[in-house]
Amino acid sequence: MTDIVSFQNATKEFRGNPAFKNVDFTLRKGEIHALLGENGAGKSTLTKVLAGLYPLTSGTLLIEGVPHNLSSPAEALKAGIAMVFQETNLVASMTVAQNIFLGEERFFNRLRGINILAQQHLQRLSFHVEPTALVSTLGAAKKQMVEIARAVHHHARIFIFDEPTATLTPEEKHHFFELMRRLKADGGSIIFISHALEEALAIADRISILRDGVLVATDAAAKFTRQTIVQAMVGRQLTGELYGRARHRPEARPAGELILSMRNVSMGKVVRNSSLSVFAGQISGIFGLVGAGRTEMMKVAAGVLKRDFFNGGSIRFRGKPVRFRVPRDGVKHGIAYITEDRKLDGLFDSMGVAQNIYLGALMKQANPMSVITMRDARQQAAKWIESLNVRAISDTASVIELSGGNQQKVVIAKSLIQTPSLIIFDEPTRGVDVGAIAEIHQMIEKLADAGAAVVVISSYLPEILSLSDRILIARQGRIVEEMTIDEATEEKIMYAAVH
Amino acid sequence: MLQAISRWLRGEESGISVPPMDGVLKPNNKLESAERLLVLPAVDNLATDGTSAYCSSGKVLYRLKREGDLFGAEPAGEFEGPVTCIATGPGRIAVGVQGKGILVFDGRDGWRQHDLPSPLSSCATAADFCPDGKLIVCVGSQRNAASDWKRDLLENGHTGSILSIDESGRIETLRGALAFPYGIIAHGVDDFVYSESWRYRLTESRGSGVVLADLPAYPARLARAADGGLWLSLFAPRRQLFEMVLREHDYRREMMSTIPPSDWIGPELNSEGGPDQPLQAGSVRQMGIIKPWAPSRSYGLVVKCNPSGHPVASWHSRADGTMHGITSVLEFGDDVLVTAKGANTLLRLPREAEA
Chain B
112 MTDIVSFQNA
122 TKEFRGNPAF
132 KNVDFTLRKG
142 EIHALLGENG
152 AGKSTLTKVL
162 AGLYPLTSGT
172 LLIEGVPHNL
182 SSPAEALKAG
192 IAMVFQETNL
202 VASMTVAQNI
212 FLGEERFFNR
222 LRGINILAQQ
232 HLQRLSFHVE
242 PTALVSTLGA
252 AKKQMVEIAR
262 AVHHHARIFI
272 FDEPTATLTP
282 EEKHHFFELM
292 RRLKADGGSI
302 IFISHALEEA
312 LAIADRISIL
322 RDGVLVATDA
332 AAKFTRQTIV
342 QAMVGRQLTG
352 ELYGRARHRP
362 EARPAGELIL
372 SMRNVSMGKV
382 VRNSSLSVFA
392 GQISGIFGLV
402 GAGRTEMMKV
412 AAGVLKRDFF
422 NGGSIRFRGK
432 PVRFRVPRDG
442 VKHGIAYITE
452 DRKLDGLFDS
462 MGVAQNIYLG
472 ALMKQANPMS
482 VITMRDARQQ
492 AAKWIESLNV
502 RAISDTASVI
512 ELSGGNQQKV
522 VIAKSLIQTP
532 SLIIFDEPTR
542 GVDVGAIAEI
552 HQMIEKLADA
562 GAAVVVISSY
572 LPEILSLSDR
582 ILIARQGRIV
592 EEMTIDEATE
602 EKIMYAAVH
Chain X
183 MLQAISRWLR
193 GEESGISVPP
203 MDGVLKPNNK
213 LESAERLLVL
223 PAVDNLATDG
233 TSAYCSSGKV
243 LYRLKREGDL
253 FGAEPAGEFE
263 GPVTCIATGP
273 GRIAVGVQGK
283 GILVFDGRDG
293 WRQHDLPSPL
303 SSCATAADFC
313 PDGKLIVCVG
323 SQRNAASDWK
333 RDLLENGHTG
343 SILSIDESGR
353 IETLRGALAF
363 PYGIIAHGVD
373 DFVYSESWRY
383 RLTESRGSGV
393 VLADLPAYPA
403 RLARAADGGL
413 WLSLFAPRRQ
423 LFEMVLREHD
433 YRREMMSTIP
443 PSDWIGPELN
453 SEGGPDQPLQ
463 AGSVRQMGII
473 KPWAPSRSYG
483 LVVKCNPSGH
493 PVASWHSRAD
503 GTMHGITSVL
513 EFGDDVLVTA
523 KGANTLLRLP
533 REAEA
């Protein structure tokens, strides 16, 4: 197989800090190449250079043997390179069809024609997405599909998928892998970034591992095991299986005081007559496929979304009926909701780490007239930066410069500074590297041990199984099953989630 | 709509909701798999004096005889009306008889009647002896007899009370305006725990007050557990349909005035699942099988609480089961006995119940 992409001695620096250095990386024609590494290892930056988002600081990028210096994504697309981002780049106010054909509009544009072409295109890819649906109404999985469909439509030959499966259901993942194989069979070359190591082992032909900006290993996928990959990624031997059931805690924690009782809660068509209880001193895991309404249920509890005014059920927090109109009401009661989409809802990109964390404290502050000083903000934030081990150049560094794992820690710190009694983690380790996953898990366990009521929403079954003391399964807008940790298996949970 | 607005103005919840059965109260089929010891018509209250166990069944009081692992029942007394409660103390047995009040047997003078004032005499729902010999009695309602509990619920009854009766027969009211008190554990005249069915809660007379609130089913009698905790029997489930009926006053009044009581929409002790009760199976009867999660009118539930009142275990009989209408539970030696009044059955819980 010939090399279609080749980085030679490539280095990319931001303000003198190397994101990756002296990397020699090749992508062969017709292969699926998995690029693995902890968050902050440099894999996203490497692929962004290939997608024309950043220029190289030094070194050479060869595409089909020809040196290229791609200065924009449009130029990269002309060279046949398409990148599907972890956070999708679609125009939310446009339809699916309009997004697929974005940039190709004719002077007299016929929507009907676009819709038909988009329908055919989506059908060919076996994506069940309505071409006339607004992108803003789609879930994360379907947005991902539209993004992929757009890339395929632009006749790209080199595809870069950055964490494509994080939000997909198992069935959708199956379809997605099938699509990757088809792209490969048609001569496409794929760079596949994922934190799910099993996926990389299953689908990739070759695997490359980056650590701290250095390419530490490249070899055929068959020569790797999960253990060797993790070892290469983190540079250390993990003491146990990351997702093994509570090495130190073979039994579930007993239920404490009833903290949250949601009774027959309804919110439009997403949450339908759903009931659940959350107890202190326990981790209640909620599993469900995309669209099951689990996130929305918890958002209603936290005041992020409002339940139906009439016949919307009732919510009791510590035995008292509550109806939060804004999230701040929930925060004042002691409820923290840690969003699944940290970039959209969790952080102010341009603000510093300390400022972001301190914003959480301000939300709970009783006196709106109190004077805010940066000194106070930095003092309060410093405690959390230390206890959550947030790795940043300084506490004034913009959060956008941090890796996904550290951004997630900032979002968590922003909520924990409010000293909540109910903490809802929505996909706490989505887009987070292996090392940070372990730290976040440890912190969640500590919160439950300290007597807080913890809810963990996750699409990743091993995570749910390893963390939860009880598992609730959501389907079609309601909780349909509850399992103790002793009786739960991946098969049983999945069966309840789909049947 | 007007009612909804008026509720909103009064600060009440607009939606009709019932608490979920999850966590410790997660449904199971343990009552269905419990050992069925005896079949007695309308078997109801259980009590023990330490050496013998007693249960009531209609007008008859039975003494339970244990031979090895088997149980038998022999009559210990028959009364003029249905026995509504039993209490045992050192050398004494007290029974509540509908329409007659309280009768006490102390081994000397046979059954001695304590006349309760007429509105109180028909609804003695539970009783317990204090260590000082006083008898504490729950009177569910002043308006309705114990057997007419459903009417009391649908009338939003709150005329119940708790009385103490000393050995001379002097009666003292300890609590009033209660919504059908149906179970009690008395440690003294000023130290007792009682259940209020129509307020779905357990309350202690001193300390923090409410022990367990907002239960998902109507609580019935309580019993002491050997570990210092308590056993709670719950005789019927709360459902959104019932809550709606209880809230819609005009609808309920018309239903009660125009339809026979047997057809009133409300909780039941057992489910006959007749075709004239289309919502009995909650429209989830499929291929002739009632799905266990159907919102049935009857249910079986026993809850074990730890000494601080937190539920730690539960035993259920769901919509597809038959061991419904649990009105009493009793720890007797190594056994935990349960009466499923709706199924006319005395049950013994599996051994794990004692853990």
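If you're matching them up, the sequences are chains B and X in order. All letters in the first sequence, in the order written, are residues 112 to 610 by the numbering used here. All letters in the second sequence, in the order written, are residues 183 to 537 by the numbering used here. Backbone N, C-alpha and C define an ideal beta-carbon position, used for all residues, glycine too.
Three or more beta-carbon pairs drawn from the region 292 to 306 of chain X and the region 344 to 364 of chain X are found closer than 8 Å, and the two stretches are therefore classed as touching. The straight-line gap separating the alpha-carbon atoms of B:W495 and B:D460 is approximately 19 Å. In this structure, B:A121 lies away from B:L164, with their beta-carbon atoms at least 8 Å apart.
Apart from sequence neighbours up to five positions away, the residues of its chain that approach X:S234 with a beta-carbon distance below 6 Å are R245, ordered along the chain. For the region 420 to 447 of chain B, the residues whose beta carbon sits under 8 Å from a beta carbon of chain X are, in order, F420, F421, N422, G423, G424, S425, R427, G430, P432. In the DSSP secondary-structure assignment, X:E214 is not bridged to any residue. DSSP places X:H296 in the uninterrupted beta strand (DSSP E) bounded by 293 to 296. For X:V494, the uninterrupted beta strand (DSSP E) run begins and ends at 493 to 499, by DSSP. Contact with chain B is found for X:K208, since one of that chain's Cβ atoms lies less than 8 Å from the residue's Cβ. Residue nearest to X:Y481 within the set X:G503, X:D330, X:R388, X:V277 is X:G503 (criterion: CA-CA distance). Cβ-Cβ distances below 8 Å link X:I284 to A276, V277, G278, Q295, H296, L298, A306, A309, L317, V319, I347 in the same chain, with the five nearest sequence neighbours on each side left out; the list follows chain order. Under a 10 Å Cβ-count criterion, X:Y433 is classified as exposed, with fewer than 16 other Cβ atoms of the shown protein chains found around its own Cβ. The beta carbons of B:L308 and B:R337 sit closer together than 8 Å.
From the listed residues B:Q466, B:T484, B:A493, B:A313, the smallest Cα separation to B:S509 is found for B:Q466. With 16 or more other CB atoms across the displayed protein chains lying within 10 angstroms of its CB, X:H498 is buried. Remark: C-beta atoms of X:K486 and X:A368 do not approach each other more closely than 8 Å. In this structure, the alpha-carbon of B:A493 lies about 29 Å from that of B:M409.
Here B:S319 is buried, its C-beta having at least 16 other C-beta atoms within 10 Å.
Counting other Cβ atoms within 10 Å of its Cβ, B:M485 stays below 16 and is therefore classed as exposed.
In the DSSP secondary-structure assignment, X:A368 is bridged to X:F374. The region 286 to 295 of chain X makes no contact with the region 207 to 227 of chain X: fewer than 3 CB pairs, one atom from each, lie closer than 8 Å.
According to the DSSP secondary-structure assignment, B:V437 is paired through a beta bridge with no residue. Secondary structure remark: continuous alpha helix (DSSP H) runs of at least 4 residues inside the region 141 to 201 of chain B, in chain order: 154 to 161, 184 to 189. Taking CB atoms only, B:R581 has a neighbour in chain X less than 8 Å away. X:L483 is not a Cβ neighbour of X:L528, given a cutoff of 8 Å. Restricted to the region 481 to 553 of chain B, the beta strand (DSSP E) segments that are unbroken, complete and at least 3 residues in length are 533 to 537, listed in chain order. For B:S577, no beta strand (DSSP E) run applies; the uninterrupted alpha helix (DSSP H) run containing it begins and ends at 572 to 578, by DSSP.
Closer than 8 Å to the CB of B:A585 there is not a single CB belonging to chain X. Within 7 Å of the CB of B:L387, the CB atoms of chain X belong to P202, D204, in sequence order along the chain.
DSSP places X:P419 in the strand class (E or B) of the three-state scheme. In the structure shown, X:S199 adopts coil according to DSSP, grouped into three states.
Within a 10 Å sphere around the beta-carbon of B:D544 sit 16 or more other beta-carbons, which makes this residue buried. Listed in chain order, the positions of the region 381 to 396 of chain X with a beta carbon within less than 8 Å of a beta carbon of chain B are A395, D396.
For X:S199, the chain B residues whose Cβ falls inside 7 Å of its Cβ are R374, N375, G424, S425, in order along the chain. Its Cα nearest to that of X:S239, the residue X:T521 stands out among X:P532, X:L531, X:T521, X:R218.
Residue environment: B:H266 is assigned as exposed (fewer than 16 neighbouring CB atoms within 10 Å of its CB, all protein chains considered).
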